[in-house]
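Residue numbers for the sequence shown follow the working numbering, beginning at 472 and rising by one. Using N, Cα and C, we set each Cβ at its ideal position, and we do this for glycine too.
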Amino acid sequence: MNEDGVHEPVQVHFDDLDAMGLLHNSRYALLVERAISAYWQRLGWAPDPAGSAFKDVFLAVREFKVTYHLPIAGPGEPLVHFWIERMGRTSGVYGFRVLSADRAVVHAEGYRVNVNLDPATLRPAPFSDELRTAAEPLLRRTAAAC
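Here it is in structure tokens:
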């Protein structure tokens, strides 16, 4: 399996669980969101343009696909392994896996497409050079070589 990208620990809380004590299916997207946000916030990204190291602050999720393999049972600290499969002019595709803390179990995997929006028009806008440079460590090596 591709080990490009990063592994970000995330928290599963009691209120994330369904009636059977399993992580509710809608929470997997939230875990991915938390992992990606934590990574970018460490690099200086913020949703407020005045406080962000990047001018790209209006990013919308266009598509999200998740395939479930084995449920997460109970609270804990799984990992989200994510990377950038492709980065186009105005959009990027993250690949991800939700893993057990020891990385032995793949609970879910999928992809997420983000589109950079112009804050004035809410239309797709090119990514800044600064964001592209900061995203380079996340680029899958096979994608970066293309």
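Spatial neighbours of Asn587 in its own chain (CB-CB distance under 6 Å, excluding positions within 5 residues in sequence) are listed in chain order as Asp527, Leu530, Thr561, Ala596 and Phe598.
No Cβ-Cβ contact shorter than 8 Å links Ile555 with Leu493.
Under the rule that a run must span 3 or more residues, the beta strand (DSSP E) segments found entirely inside the region 565–595 read 577–587. Take the alpha-carbon of Val477 and the one of Gly545: they are about 24 Å apart. When DSSP states are grouped into helix, strand and coil, Val551 belongs to the strand group. Assigned with DSSP and collapsed to three states, Arg560 falls in coil, not helix or strand. For Val483, the beta-bridge partners assigned by DSSP are Gly547. Just measuring C-alpha positions, the residue of Gly547, Val503, Arg505 and Ile507 sitting nearest His484 is Gly547.
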